[in-house]
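Residue numbers (our numbering): 1123 to 1560.
We put the beta carbon where it would ideally sit given N, CA and C, even for glycine.
Everything on this sheet refers to the single structure shown next.
So, in structure tokens, the structure goes:
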């Protein structure tokens, strides 16, 4: 990794911040600030590797103890949170940006008055999102449910809740399309991670009071429907962290960790069917505060910290042509990191926040940038002309690379292990090169 720079402190407490990238230059940070530990949000403007923190906007009198956000457009986003000062009552509201400043939040809409946990939200389109959480009702504490939030202007309408199962937590909602999503969670009964494909469907028309359906009344709206559970290949130990993100319409990446190690697994989605790949280990040092974000259709980044030794780390993952995952680890230049969190800004950069244990509990943020990949021209050309590239991360013309060797490119497009040309990257198979990784 290169170009990792520290930025200004966010004055956060020692709680983990919530992050939402609105564009490569704008990211929303939500944290518990001072005075009196109120929950505040602010925009981080990214200028290369420099961060400018804009004015703060608080949640009013409410405290966001578990805050989840999802972008609906470049200037509007959803916020779902639980209020620990009110028995974990769950709320949802809309936030808006204007000229790189947080303009306002709409009045909070109550989702679950009896309290909720394991909250997750994902935007499916500019006008809809899906929300998953454990509903703490009078009859059932911790009932897993999914609902749809429809957005029209500044108005949010919530669908009826769809029950998912029992003894589930750690929900992660992953958008696949405007009507499909992936629901990933921990199955406490099986001590494993699992996933289901979900769909947004038209709700049944309301009853007209005589046992029939009201065909002339208001539109029934939308509701969530979920498919069968598919277990994910985990270690069998109790999972401490679970996260997931979309890589394409048909693929998601899932990371999980237990008290000993962390793994990443790809999950392919075809219709309502799910096919998990073989997990790949990304850490053997008890990763803590694990987060995941996608850089591109074939790459992602994992952030976490370790306590012995005390280090903040990022792991860049690349999906090879074979379907396997290649992982490269780097360190962030921070001291005694805690409560790390991270979000991708572009295909080669990310924003990370953390609590600095050596600095009186202050929160801080850094921008990280990965080296850009490049190709070798297969023919000469004039300025402005397009020419073919012989090597661009995956090459069909090089079939005898030695796995584990660092390769360099000559002017003619040839590859060699001698450091006489331009460094290309690490061979991870006979014809796969991971750019800039050696």
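Measure the beta-carbon distance from residue 1302 to residue 1319 and round it to whole angstroms, keeping in mind my assumption that it falls under 8 angstroms.
By one-based count along the chain shown, residue 1302 stands at place 180. By one-based count along the chain shown, residue 1319 stands at place 197. About 7 angstroms; that satisfies the 8 angstroms criterion.
Nearest-angstrom Cα separation, counted from residue 1307 out to residue 1347:
Within the chain shown, the letter at position 225 stands for residue 1347. Within the chain shown, the letter at position 185 stands for residue 1307. Spanning the two alpha carbons is a distance of roughly 16 angstroms.
To the nearest angstrom, how far is the alpha carbon of residue 1528 from that of residue 1549?
Walking along the chain shown from the start, residue 1528 turns up at place 406. Walking along the chain shown from the start, residue 1549 turns up at place 427. Each residue's alpha carbon lies about 6 angstroms from the other.
Taking only runs that begin and end inside the stretch 1337-1410, name each unbroken beta strand (DSSP E) of 3 or more residues, in chain order.
1344-1348, 1361-1370, 1373-1380, 1384-1392, 1395-1398 and 1402-1405
Applying the criterion that 16 or more other CB atoms from any shown protein chain within 10 Å of the CB defines a buried residue, is residue 1242 buried or exposed?
Counting from one through the chain shown, the residue named residue 1242 turns up at place 120. It is buried - the Cβ of residue 1242 has at least 16 other Cβ atoms within 10 Å.
Cβ neighbours of residue 1311 in the same chain (closer than 6 angstroms, five flanking residues each side left out)
Here residue 1311 is taken as the residue at index 189 of the chain shown, counted from 1. Result list for residue 1311: 1289, in chain order.
Quick one: Cα of residue 1297 to Cα of residue 1428, how far?
The sequence position of residue 1297 within the chain shown is 175, counting from 1. The sequence position of residue 1428 within the chain shown is 306, counting from 1. Looking at the backbone, the Cα of residue 1297 and that of residue 1428 are separated by about 30 angstroms.
How many angstroms separate the CA atom of residue 1294 from the CA atom of residue 1537?
In the chain shown, the residue the question calls residue 1294 occupies position 172. In the chain shown, the residue the question calls residue 1537 occupies position 415. Each residue's alpha carbon lies about 43 angstroms from the other.
Report back the beta-carbon spacing between residue 1343 and residue 1272 to the nearest angstrom; my notes put them in contact at under 8 angstroms.
Sequence index remark: in the chain shown, residue 1343 carries index 221 (1-based). Sequence index remark: in the chain shown, residue 1272 carries index 150 (1-based). The Cβ separation is near 7 angstroms, so the contact holds.
Could you check the C-alpha separation between residue 1280 and residue 1269 for me, to the nearest Å?
Position 158 of the chain shown, counted from the first residue, corresponds to residue 1280. Position 147 of the chain shown, counted from the first residue, corresponds to residue 1269. The straight-line gap from Cα to Cα measures roughly 7 angstroms.
DSSP state of residue 1206 mapped onto helix, strand, coil
Taking the chain shown and counting its residues from 1, one reaches residue 1206 at position 84. The three-state reading of DSSP puts residue 1206 in helix, counting H, G and I together.
Comparing alpha-carbon positions, which option in 1541, 1238 and 1419 lies nearest residue 1367?
Counting from 1 along the chain shown, the entry for residue 1367 is found at position 245. Ranking the options by Cα distance to residue 1367, first place goes to 1419.
Keeping to the same chain, check which residues put their C-beta closer than 6 angstroms to that of residue 1139; ignore five residues upstream and five downstream.
By 1-based counting over the chain shown, the position of residue 1139 is 17. Excluding five sequence positions before and after residue 1139, the CB atoms of its chain that fall closer than 6 angstroms to its own CB belong to 1151, 1153, 1463 and 1475, given in chain order.
Should residue 1164 go down as buried or exposed, given a rule of 16 or more other Cβ atoms within 10 Å for buried?
Within the chain shown, residue 1164 is the residue found at index 42, counting from 1. Buried, by the Cβ-count rule.
Using CA atoms only, rank isn't needed, just tell me which of 1487, 1264 and 1383 is closest to residue 1459.
Here residue 1459 refers to the residue found at position 337 when the chain shown is read from its first residue. Checking every option, the nearest Cα to that of residue 1459 belongs to 1487.
Whole-angstrom Cβ separation of residue 1385 and residue 1445, contact assumed at under 8 angstroms?
One-based indexing of the chain shown puts residue 1385 at position 263. One-based indexing of the chain shown puts residue 1445 at position 323. That belief does not hold up - the Cβ atoms of residue 1385 and residue 1445 are roughly 16 angstroms apart, past 8 angstroms.
Drop a sphere of 10 angstroms on the beta-carbon of residue 1266, count the other beta-carbons inside from all chains shown, and report buried for 16 or more, exposed for fewer.
Translated into the one-based positions of the chain shown, residue 1266 becomes position 144. It counts as buried.
Terminal residues of the beta strand (DSSP E) in which residue 1169 lies
Numbered from 1 along the chain shown, position 47 holds the residue referred to as residue 1169. 1161-1169 is the extent of the beta strand (DSSP E) around residue 1169.
With a CB to CB cut of under 8 angstroms and the five nearest residues on each side skipped, what residues in its chain are close to residue 1231?
Start at 1 with the first residue of the chain shown, and residue 1231 comes out as number 109. Closer than 8 angstroms at the Cβ level, and outside the excluded window around residue 1231, lie 1213, 1214, 1215, 1278 and 1280.
Report the rounded CA-to-CA distance for residue 1178 versus residue 1226, giving the unit in angstroms.
In the chain shown, residue 1178 corresponds to position 56, counting from 1. In the chain shown, residue 1226 corresponds to position 104, counting from 1. Whole-angstrom Cα-Cα distance: 11 angstroms.
Counting along the chain, where does the beta strand (DSSP E) carrying residue 1310 start and finish?
Taking the chain shown and counting its residues from 1, one reaches residue 1310 at position 188. Premise fails: residue 1310 is in no beta strand (DSSP E) and is neither H nor E.
According to DSSP, is residue 1470 helix, strand or coil?
Counting from 1 along the chain shown, the entry for residue 1470 is found at position 348. In this structure, residue 1470 counts as coil in the three-state DSSP scheme.
Backbone secondary structure at residue 1188 - three-state DSSP
Your numbering for residue 1188 matches position 66 in the chain shown. In the structure shown, residue 1188 sits in a strand (DSSP, three-state: E or B).
When you measure from the CB of residue 1523 to every non-hydrogen atom of the ligand NAD, does any distance come out below 8 angstroms?
This structure simply doesn't include the ligand NAD, nor any ligand for that matter.
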